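See structure below.
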Amino acid sequence: MTAIPKLLKLLDIHQTIVTIDGIGCQTDIVDTIVAQGADYVIAVKANQATLFADVQAAFEPSLREFAPAYYKTVSKGHGRLEIRECWACQAQDVLDFMGEYKAWTGLHCVVKIASERRLAGRVEQDVRYFISSLTADPNRLLEVVRAHWQIENQVHWVLDIAFRQDENRVRKDHAPHNLAILQHLVLNLFKQDKSLKVGVNANRLRAGWDNAYLLNVLCSS
Numbered sequence: 000m001t002a003i004p005k006l007l008k009l010l011d012i013h014q015t016i017v018t019i020d021g022i023g024c025q026t027d028i029v030d031t032i033v034a035q036g037a038d039y040v041i042a043v044k045a046n047q048a049t050l051f052a053d054v055q056a057a058f059e060p061s062l063r064e065f066a067p068a069y070y071k072t073v074s075k076g077h078g079r080l081e082i083r084e085c086w087a088c089q090a091q092d093v094l095d096f097m098g099e100y101k102a103w104t105g106l107h108c109v110v111k112i113a114s115e116r117r118l119a120g121r122v123e124q125d126v127r128y129f130i131s132s133l134t135a136d137p138n139r140l141l142e143v144v145r146a147h148w149q150i151e152n153q154v155h156w157v158l159d160i161a162f163r164q165d166e167n168r169v170r171k172d173h174a175p176h177n178l179a180i181l182q183h184l185v186l187n188l189f190k191q192d193k194s195l196k197v198g199v200n201a202n203r204l205r206a207g208w209d210n211a212y213l214l215n216v217l218c219s220s
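Residue numbers (numbering that gives the first Met the number 0): 0 to 220.
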């Protein structure tokens, strides 16, 4: 987690929207993002137990005296039905529930997103919560979160195909986390190399038997 602020300082994030999963829900990370002129949408999970409970409470109908902004999308295709709902509350409206409000620099709204997927008789449901420096526009917030999920899913798919990540049985100590970092690093190196217009799996195999190509990949960074 301490590496994230250092990484952000190396990037030009001015006038962008930074999205991070729950691991990035830290006040120092938020401070760094805002100091560099960017906005943020950050997932709130159990690693911030008090904040998580506060945000959940803000969306309890029996506890609030206002109606959050609301937006809903329904998409169909290939036998699949996906429903996404987004509620957003201005942070000023939920001060009674936000005991840690002032600790989060630039906090303007809290967000709840519920998703439901129906496919082949199965129903999957998920609810997630976020804090954001953006205004409480549920349409825009849902778009931002969906873009984050799409990138996350795409990266996971590539890692699974090229590195068979889902088949990995490494479990001891910090080995799974360290291996995942190395795989992400290798994936980024291949993306930066433009000498071959082939898939990541072919890049990986080529680097294994061609030292000249391997050196080219390493130097392209």
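Here a beta-carbon is modelled for each residue, glycine too, at the ideal position from N, C-alpha and C.
In this text the structure is predicted, and so the values were computed from the model without any measurement.
Residue j beta carbon less than 8 Å from that of residue i
i, j, result
"residue 33", "residue 105", "yes"
"residue 48", "residue 129", "no"
"residue 143", "residue 40", "yes"
"residue 58", "residue 86", "yes"
"residue 126", "residue 54", "no"
"residue 21", "residue 44", "yes"
"residue 137", "residue 68", "yes"
"residue 199", "residue 186", "yes"
"residue 90", "residue 100", "yes"
Buried/exposed call for residue i, threshold 16 Cβ in 10 Å
i, result
"residue 65", "exposed"
"residue 31", "buried"
"residue 202", "buried"
"residue 19", "buried"
"residue 25", "buried"
"residue 180", "exposed"
"residue 131", "buried"
"residue 2", "exposed"
"residue 208", "exposed"
"residue 103", "buried"
"residue 23", "buried"
"residue 122", "exposed"
"residue 37", "buried"
"residue 73", "exposed"
"residue 171", "exposed"
"residue 111", "buried"
Expected contact under 8 Å - CB spacing of residue i and residue j to nearest Å
i, j, result
"residue 140", "residue 107", "Not confirmed; about 11 Å, so no contact."
"residue 214", "residue 188", "With 8 Å as the limit, residue 214 and residue 188 do not qualify as a contact, their Cβ atoms being about 12 Å apart."
"residue 88", "residue 56", "11 Å between Cβ atoms; not a contact."
"residue 9", "residue 35", "That pair is no contact at about 11 Å."
Three or more C-beta pairs below 8 Å linking the segment 81-90 and the segment 10-17: The segment 81-90 is not in contact with the segment 10-17.
For the segment 13-73, list the beta strand (DSSP E) runs that are entirely contained and at least 3 residues long, ordered along the chain. At a cut-off of 3 residues, the continuous stretches assigned as beta strand (DSSP E) that sit fully inside the segment 13-73 are 16-19 and 38-43.
May I have a chain-ordered list of the alpha helix (DSSP H) segments no shorter than 4 residues that lie completely inside the segment 81-117? Correct list: empty.
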